[in-house]
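What follows is a single structure, written as structure tokens, with notes after it.
In UniProt numbering, the protein residues as written are 1 to 1091.
Dropping the structure here:
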């Protein structure tokens, strides 16, 4: 009865709030930050304030009743931020948002109780009062998490709330009880241990804390032992329907175990107990989503969440498809599709032939084995590794044996075939992760939420880029962690030697990138190229990391036998493919000769065995040799030819060189040109572009005019002719890949060894050809893109849905043309030809834009289209209609604005020079905004099309552009917006707290980010020198949502905030400050003279 009266009194106080602290609800929140410790400009101002009461660490809930509240209560002498922080990571803010996207996290703080005030009962009252106010107007479920003695406060609070509910008084406080859907105790004492009472256990815990407890506090805790036991008993009664998790530490701190194992749990109706291999303080802090404790905690929290409503399930289905569409890229399966199907049963025989003792083959044993997670198919270049991998992946025997390994688990098989000669995404970690995730999630969309929970509940596309290696990796490991008990994944990863660090290439010098050749075998010495070797080290580390999870993963890899792989996979099961290829090569050659060479059936077997022996297991070499021999009709000439052929593929004395030497001299020269064009192309060129590029850029006007009337059938003919040229002039070393439309096919090398051969300079020294330097190649490629663009009658250059714009194929042609133009822009040769080509690009693109609009026929009769919309669009410039995946197209009024972003400084300068003085100054002023601030909004749709497309509007233009504009009369003082936008660029893209800076770090190399920052600093300095006002007052918006703030800052203050603390820019900052101070002194001197 006494406890009931006390409880009612506390409820009354909790409902009205503390008389000494009438408004305890803190509206403080902590901003997201990068993984760093708090510094003077970040969270310290918050930490320095009163650290009691509620602090909202995270709020991703859009409206009242959606989501869940997670309430954290720290232990004795803990802190509402520092208790939950490790290595600069505040996990409830930095990590939980990725796994529980619709939650509000409230850290509640308190000062240690004393004998006179702030007893545990008082603290429980305050907790209830604060949370009930934050919960006002909602019925959001609550999960409490208490660390150490903080768990005792939670128990007291819930007992009090339950009593209020039972007695029907003070509903605001009482509603906390039915809203509670779970409680987690992290190292909380619940019972005595041995001869120690519960009070004594709690006293020992206080004595081992981070601060020295005073005698009054220790006596208070010791005297309240009976109260703590009554509290536990009451909590057991009221929590019969509340899931409770008790997490126990299994490691001591430096002074011993804080909470004995026997004291860290109790007997409860819905109680779970988990042990964590850490000490007491690490129960509450995690630095990574891969931390075991974090995984366990999140797994438990997810089980507590209420089931999604039908509306939420419908929204998830829509988001699932959006994520799948974003993961997919068009050439995901191109490489596998190009691999020939295994001949006959050769692969089956190699993989399934039992050992001499009758036991299963090493391959079959590995598939069912629980101990070995990695298998290596190694072999010489051209030995048929990819064919073997393709066969193994699709084999029913493989699937049957893997099912035995999965032992009833959810077996998923994925395959990735890396392709160095393809686009960037086909040889990068991003491509690997996107491909694997897409193959896992496409047939099982219900797993998407578990992989990427942080991308549900918000808008799409997300503010942060989705396809970053960081996010994709987190999604992969999140999925594996949450499905570890059921998911059994087998990955086939082919072509490890073709993996490249595309996002780090600018870290390396020309010497690092130069291929060193092995004179013994004639192939490019991949192991001696630093950039490539580093890439191989990275991919092997990734494989070994995946392979370390033996219970859930198997991974079969294939590569050449390079030193990096020999060292990494020396202890894993292995099949050396070239040692088993002799019989397969014999069968392939025999079938070929029987079909195409008559009268030699009696010696075919011996001849094919001879070829197989000479091949050393190189299937590609044997195929090419067979191609060269089938044209002979007598055994004598066949043997003579065979004896004369090189025994290796690459190098200046290899089989590829012989194939080139066998061409007509005219075709040899053409081969040199075509190979140069393909190698220097930004992306694998399509057949049409390559055909036009080969014609050169100095074609007469009649040819260019003819291009505008070409039809789809004409382009198909041109494609077919170009395919034939690849066979006749390039000896088949180049070929066209598959594409929905024939004239959309891209030209790639028939094998990686063919590319390694073609990039060598010494092989072409043996071929007579006309000079064809880099500038000439770029001119031809630029001309090829423009000529292709002129075929707009067959291109269908625009798209209408979901928004009007150029289609991605057309924009990609324009973008590639501008990239080639940027290479040429600084050259002094053929200046007039260069300027004419860019003008021609502009004219062709505009004609394509207007023609596409006029030819468009709406699905339904729409007079507004023909009378208003279409004419209005035709008057606009094509450059403002870039196809976008996210956001709006940058508003570019003409080609010059795009040329500024593309870095065509000399082109811009020449076009301005052609104008009169007034017009020149006006145009330079118009372009100034594009030169000082990249329009970093939205992502081009070409990113999904090519996988390695780079937007023009995310990087600072070359400073040369700015100097050209200033020299032609542009003035930052003429338009305030120019200076403000330049400053905002620094704030948005280079400030450490900005989302845009995070975006650049995720999507670009740090070297490119540094280049952007250097250009920005140079632009700021140039603008200040030209009179930009350093004292201009600018409004800066902070925060978002319901409580944004606006503050006034001067331009110079903004600059200092951005650059201060950046050692790389310390000198530049001092120069800018000196420049501003010098101008200020001059102004003051002028003012005194005037007086």
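For every residue, glycine included, the Cβ atom is placed at its ideal position computed from N, Cα and C. Remember, it's a predicted structure, so these values are computed and weren't measured experimentally.
Which listed residue (151, 149 and 178) has its alpha carbon closest to that of residue 163: On the chain shown, residue 163 is found 163 positions in, with the first residue counted as 1. The candidate whose alpha carbon is nearest that of residue 163 is 178.
Start and end residues, beta strand (DSSP E) containing residue 272: Taking the first residue of the chain shown as 1, we reach residue 272 at position 272. In the DSSP assignment, residue 272 falls within the unbroken beta strand (DSSP E) covering 271 to 276.
Nearest neighbour of residue 623, chosen from 307, 180, 567 and 751 [CA to CA]: The count along the chain shown starts at 1 and reaches residue 623 at position 623. Considering only alpha carbons, the answer is 751.
The stretch 756 to 772 in contact with the stretch 659 to 676 per 3-pair CB rule at 8 angstroms: When C-beta atoms of the stretch 756 to 772 are compared with those of the stretch 659 to 676, three or more pairs fall below 8 angstroms, so the two segments count as touching.
Close-in-space but distant-in-sequence residues of the same chain around residue 537 (CB under 7 angstroms, 5 per side omitted): The count along the chain shown starts at 1 and reaches residue 537 at position 537. Closer than 7 angstroms at the Cβ level, and outside the excluded window around residue 537, lie 564.
Residue 806 - partner residues in DSSP beta bridges: Counting from one through the chain shown, the residue named residue 806 turns up at place 806. Under DSSP, residue 806 shares a beta bridge with 798.
Simplified DSSP state of residue 680, which is helix, strand or coil: In the chain shown, residue 680 corresponds to position 680, counting from 1. Judged by DSSP in its simplified three-state form, residue 680 adopts helix.
Segment contact, 8 angstroms Cβ cut-off, at least three pairs: the stretch 858 to 875 with the stretch 446 to 454: The stretch 858 to 875 is not in contact with the stretch 446 to 454.
First and last residue of the uninterrupted beta strand (DSSP E) at residue 1093: This structure cannot speak to residue 1093, because the chain is shown only from 1 to 1091.
Straight-line Cα distance separating residue 1009 from residue 506: On the chain shown, residue 506 is found 506 positions in, with the first residue counted as 1. On the chain shown, residue 1009 is found 1009 positions in, with the first residue counted as 1. Between residue 506 and residue 1009, the C-alpha separation is close to 11 angstroms.
In chain order, each alpha helix (DSSP H) run of at least 4 residues that lies wholly inside the stretch 189 to 274: Within the stretch 189 to 274, the complete alpha helix (DSSP H) runs of at least 4 residues are 198 to 207, 215 to 223 and 225 to 238.
Boundaries (first-last residue) of the alpha helix (DSSP H) holding residue 372: Walking along the chain shown from the start, residue 372 turns up at place 372. Premise fails: residue 372 is in no alpha helix (DSSP H) and is neither H nor E.
Length of the line joining the Cα atoms of residue 1075 and residue 650: For this step, residue 1075 is matched to residue 1075 along the chain shown. For this step, residue 650 is matched to residue 650 along the chain shown. As the crow flies, the alpha-carbon of residue 1075 is around 60 angstroms from that of residue 650.
Candidates 368, 157 and 1020, of which the one nearest residue 142 by Cα: As a working mapping, residue 142 is identified with position 142 in the chain shown. Minimum Cα distance to residue 142 is reached at 157.
Range covered by the beta strand (DSSP E) that runs through residue 103: As a working mapping, residue 103 is identified with position 103 in the chain shown. Looking at the DSSP string, the run of the beta strand (DSSP E) that includes residue 103 is 103 to 109.
For residue 1047, the residue or residues it bridges with in DSSP: Stepping through the chain shown from its first residue, residue 1047 is reached at position 1047. Residue pairing by DSSP puts residue 1047 in a beta bridge opposite 1036.
Residue 133, enclosing alpha helix (DSSP H) - first and last residue: Translated into positions along the chain shown, residue 133 becomes position 133. Start and end: 120 to 134.
DSSP-derived helix/strand/coil call for residue 522: Locating residue 522 in the chain shown gives position 522, where the first residue counts as 1. A caution first: residue 522 carries a pLDDT of 45, below 50, which makes its placement in the model unreliable, though a value can still be read off. DSSP places residue 522 outside both helix and strand once states are collapsed to three, so it counts as coil.
Bridge partner(s) assigned by DSSP for residue 562: Position 562 of the chain shown, counting from 1, holds the residue named residue 562. Residue 562 is not bridged to any residue.
Unbroken alpha helix (DSSP H) run spanning residue 593, endpoints: If you number the chain shown from 1, residue 593 lands on position 593. Start and end: 582 to 596.
DSSP three-state assignment for residue 36, whether helix, strand or coil: Mapped onto the chain shown, residue 36 falls at position 36. Low confidence applies here, because residue 36 scores a pLDDT of 32, under 50, leaving its location unreliable; read the following figure in that light. Reduced to three states, the DSSP call for residue 36 is coil.
Boundaries (first-last residue) of the beta strand (DSSP E) holding residue 143: As a working mapping, residue 143 is identified with position 143 in the chain shown. The continuous beta strand (DSSP E) containing residue 143 extends over residues 142 to 147.
Cβ distance (whole Å) where residue 146 is taken to contact residue 104 below 8 angstroms: Counting from 1 along the chain shown, the entry for residue 146 is found at position 146. Counting from 1 along the chain shown, the entry for residue 104 is found at position 104. About 17 angstroms separates the beta carbons of residue 146 and residue 104, which is beyond the 8 angstroms limit, so they are not a contact pair.
Cβ-based burial, residue 64 [other Cβ within 10 Å; buried from 16]: The residue given as residue 64 occupies position 64 in the chain shown. Confidence at residue 64 is low in this model, with a pLDDT of 48, below 50, so its placement is unreliable and the value that follows should be read with caution. Around the C-beta of residue 64, fewer than 16 other C-beta atoms lie within 10 Å, and the residue is accordingly described as exposed.
Where residue 1076 falls: helix, strand or coil (DSSP): By 1-based counting over the chain shown, the position of residue 1076 is 1076. In this structure, residue 1076 counts as helix in the three-state DSSP scheme.
CB-CB length for residue 375 against residue 436, believed under 8 angstroms: Within the chain shown, numbered from 1, the residue matching residue 375 stands at position 375. Within the chain shown, numbered from 1, the residue matching residue 436 stands at position 436. Not quite, the Cβ-Cβ distance comes to about 17 angstroms (not below 8 angstroms), so this is no contact.
Nearest residue (CA-CA) to residue 648, options 570, 251 and 625: Looking up residue 648 in the chain shown gives position 648. Of the candidates 570, 251 and 625, the one whose C-alpha sits nearest the C-alpha of residue 648 is 625.
Burial state of residue 891, where buried means 16 or more other Cβ atoms lie within 10 Å: Position 891 of the chain shown, counting from 1, holds the residue named residue 891. Residue 891 should be labelled exposed.
Nearest-angstrom Cβ-Cβ length linking residue 941 and residue 876, presumed shorter than 8 angstroms: To locate residue 941, count along the chain shown from 1; it is residue 941. To locate residue 876, count along the chain shown from 1; it is residue 876. Contact between residue 941 and residue 876 does not hold, since the beta-carbon distance rounds to 19 angstroms and is not under 8 angstroms.
Burial state of residue 1033 (16 or more Cβ within 10 Å): Here the question's residue 1033 lines up with position 1033 in the chain shown. Burial call: exposed.
Option nearest residue 578 by Cα separation, candidates 172, 54, 546 and 615: Counted from its first residue, the chain shown places residue 578 at position 578. Comparing C-alpha distances from residue 578 to each of 172, 54, 546 and 615 shows the shortest one belongs to 615.
Neighbourhood of residue 1073 by C-beta, 6 angstroms cutoff - its chain only, sequence neighbours within 5 removed: By 1-based counting over the chain shown, the position of residue 1073 is 1073. Counting only Cβ-Cβ distances below 6 angstroms, and skipping sequence neighbours, we find nothing.
Minimum Cβ-Cβ distance from residue 227 to chain C less than 8 angstroms: Protein chain content of the structure displayed is limited to a single chain, and chain C is not contained in it.
Cβ-based burial, residue 898 [other Cβ within 10 Å; buried from 16]: Here the question's residue 898 lines up with position 898 in the chain shown. A residue is called buried once 16 or more other Cβ atoms fall within 10 Å of its Cβ, and residue 898 is buried on that count.
Residue(s) in a DSSP beta bridge with residue 1093: In the structure as shown, the chain begins at 1 and stops at 1091. Residue 1093 is therefore absent and cannot be evaluated.
Through-space distance from residue 957 to residue 930, alpha-carbon basis: By 1-based counting over the chain shown, the position of residue 930 is 930. By 1-based counting over the chain shown, the position of residue 957 is 957. A straight line joining the alpha-carbon of residue 930 with that of residue 957 spans about 8 angstroms.
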